[in-house]
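4 is the number of the first residue of the sequence shown in our numbering; add one for each residue after it.
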Amino acid sequence: MAAWLEGRVVRLHRWTDRLYSLQVQAEIPPFKAGQFTRLALEIDGEMVARPYSFVNGPDNPLLEFYFIRVPGGPLTARLIELKPGDPLFIAPRSAGFFTLDEIPAAEVLWMLSTGTALGPFLSILSTAQPWRRYRRIVLVHAVRYVPELTYRDEIDALLAAHPQQLQYIPFVSREPVDFALHGRVTNALVNGTLEARAGLTLDAENSQVMICGNPSMVADTQQALEARGLKKNRRREPGQITTEQYWKT
Ligand SMILES: Cc1cc2nc3c(=O)[nH]c(=O)nc-3n(C[C@H](O)[C@H](O)[C@H](O)COP(=O)(O)OP(=O)(O)OC[C@H]3O[C@@H](n4cnc5c(N)ncnc54)[C@H](O)[C@@H]3O)c2cc1C
Ligand SMILES: NC(=O)c1ccc[n+]([C@@H]2O[C@H](COP(=O)([O-])OP(=O)(O)OC[C@H]3O[C@@H](n4cnc5c(N)ncnc54)[C@H](OP(=O)(O)O)[C@@H]3O)[C@@H](O)[C@H]2O)c1
4 MAAWLEGRVV RLHRWTDRLY SLQVQAEIPP FKAGQFTRLA LEIDGEMVAR
54 PYSFVNGPDN PLLEFYFIRV PGGPLTARLI ELKPGDPLFI APRSAGFFTL
104 DEIPAAEVLW MLSTGTALGP FLSILSTAQP WRRYRRIVLV HAVRYVPELT
154 YRDEIDALLA AHPQQLQYIP FVSREPVDFA LHGRVTNALV NGTLEARAGL
204 TLDAENSQVM ICGNPSMVAD TQQALEARGL KKNRRREPGQ ITTEQYWKT
């Protein structure tokens, strides 16, 4: 198998001065919603590759990735310069276990994301599987500032298509807001604000929780959930908490 497949940039959308979505055309083997691939560019004669979650669903041939420009980050500095038609390398195999196949059935599926980790949840929600499997789904997107609450049109379309099943709960931590919850998901979990906003209880009997993004948020949220009796979900020992972190602390 070739080390890299060559794709072509279709569009680079800039949401804020730090947040971008990249659309890419490439012939890749099938992947599962929630998985990631690796994107690569040749920089100073070396292939620089990083993992990125798919935002598009597996049935959508236009690949989409949602990323943040990391100060001093070698790959993102180059990704934001891409133009339509530019080549971009993509791994021939997708990977990852942050998929619904790995998650037991439950009454409520909680999807907790920070920043660009909204992406894999949008991919999962674009498929039929979550709507068949969970009676209620709560999508949480936690960001620092209001303009970072991206993909609102796509989320509104999901809400319109599944009004009884889906709830969207945005969190903004660093500026005052009226429509979103203020502060951190972890605090809202501990003080009951998250459940009150959702009108649902979150416990080991009724819930599955997927957490993705900032590693300290993933760790702190997992700890808060374990304190109320939920357990890490493992293949050999199913539990209620499934996580993916985007970088190491
Ligand atoms: C499984 C997996 C999936 C990922 N999916 C995505 C994705 O869909 N979108 C995305 O933007 N990134 C994603 N990442 C992170 C991504 O692979 C890169 O690390 C990131 O884009 C920065 O690349 P870089 O070469 O510019 O800097 P790097 O040298 O790779 O990173 C420098 C530092 O930037 C910080 N950082 C890295 N990624 C992020 C991030 N997403 N948000 C905030 N700070 C970060 C960390 O402190 C890191 O040490 C994912 C990582 C993993 C492990
Ligand atoms: N977005 C920006 O304007 C900006 C500017 C400069 C640098 N950066 C860098 O870009 C990277 C990612 O930025 P990002 O915008 O995706 O934000 P982020 O730092 O991952 O924060 C996203 C959300 O997660 C929350 N969060 C962080 N740690 C948490 C924890 N332990 N428990 C619960 N919630 C937690 C944040 O709350 P808090 O706000 O309370 O932390 C915020 O609401 C970071 O490495 C950051 O240093 C971003």
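Even for Gly, the Cβ is constructed at its ideal location relative to N, Cα and C.
Any C-beta of chain D under 8 Å from that of residue i
i      : result
Pro150 : Absent here is chain D; the protein component of the structure consists of one chain.
Cutoff 8 Å; reference residue i; Cβ partners in own chain excluding five residues on either side
i      : result
Pro95  : Met4, Ala5, Ala6, Trp7, Leu8, Ile31 and Pro32
Gly88  : Arg11 and Val12
His165 : Trp134 and Ile140
N-terminal and C-terminal residue of the alpha helix (DSSP H) that residue i is part of
i      : result
Gln226 : Pro218 to Ala230
Close Cβ partners of residue i (< 7 Å) along its chain, the five nearest in sequence each way excluded
i      : result
Pro133 : Leu103, Leu112, Ile127 and Ile140
Lys251 : Pro218
Val193 : Ala227
Tyr171 : Leu142, Ile158 and Leu162
Cβ-based neighbour list, residue i, same chain, cut-off 6 Å, excluding 5 preceding and 5 following
i      : result
Ala52  : Arg41 and Ala43
Gly99  : Gln38 and Phe39
Glu198 : Thr204 and Leu205
Pro173 : His144, Leu152 and Ala183
Lys35  : Thr102
Ser56  : Phe39, Gly122 and Pro123
Thr130 : Ala36 and Gly60
Ala207 : Gly232, Leu233 and Gln243
Tyr137 : Leu112
Asp223 : Thr189
Cβ-heavy atom distance, residue i to ligand 1, below 7 Å
i      : result
Thr246 : no
Val73  : yes
Pro77  : yes
Gly118 : yes
Gly122 : yes
Arg53  : yes
Ser126 : no
Gly99  : yes
Phe70  : yes
Ser56  : yes
Phe34  : no
Tyr253 : Residue numbering for the chain in the displayed model covers 4 to 252; residue 253 lies beyond these limits and cannot be assessed.
Phe92  : no
Ala80  : yes
Phe39  : yes
Endpoints, the beta strand (DSSP E) within which residue i is located
i      : result
Thr245 : Ile244 to Gln248
Thr40  : Phe39 to Ile46
Leu203 : No beta strand (DSSP E) holds Leu203; DSSP gives it neither H nor E.
Ala29  : It is not in any beta strand (DSSP E) - Ala29 carries neither H nor E in the DSSP assignment.
Leu233 : No beta strand (DSSP E) holds Leu233; DSSP gives it neither H nor E.
Arg11  : Leu8 to Arg17
Ala36  : No beta strand (DSSP E) contains Ala36, which DSSP labels as neither H nor E.
Ala52  : Glu49 to Ser56
Distance cut-off 7 Å: residue i Cβ against heavy atoms of ligand 2
i      : result
Thr153 : no
Gly216 : yes
Tyr137 : no
Phe182 : no
Ala191 : no
Ala145 : yes
Tyr148 : yes
Ser24  : no
Inter-residue CB distance, residue i and residue j (contact presumed, cutoff 8 Å)
i      : j      : result
Gln28  : Arg14  : No, Gln28 and Arg14 are not in contact; Cβ-Cβ is about 10 Å, not under 8 Å.
Tyr148 : Val175 : 7 Å
Check: residue i C-beta below 7 Å from any heavy atom of ligand 4
i      : result
Gln211 : Judged by which ligands are present, ligand 4 is missing from the structure shown, whose ligands are ligand 1 and ligand 2.
With a floor of 4 residues, list each alpha helix (DSSP H) that falls wholly inside the stretch 69–118, ordered by position along the chain. Listed in chain order, they are 77–82.
Runs of beta strand (DSSP E) lying entirely within the stretch 120–189, each at least 3 residues, in chain order: List check, beta strand (DSSP E) in window: 137–146 and 169–175.
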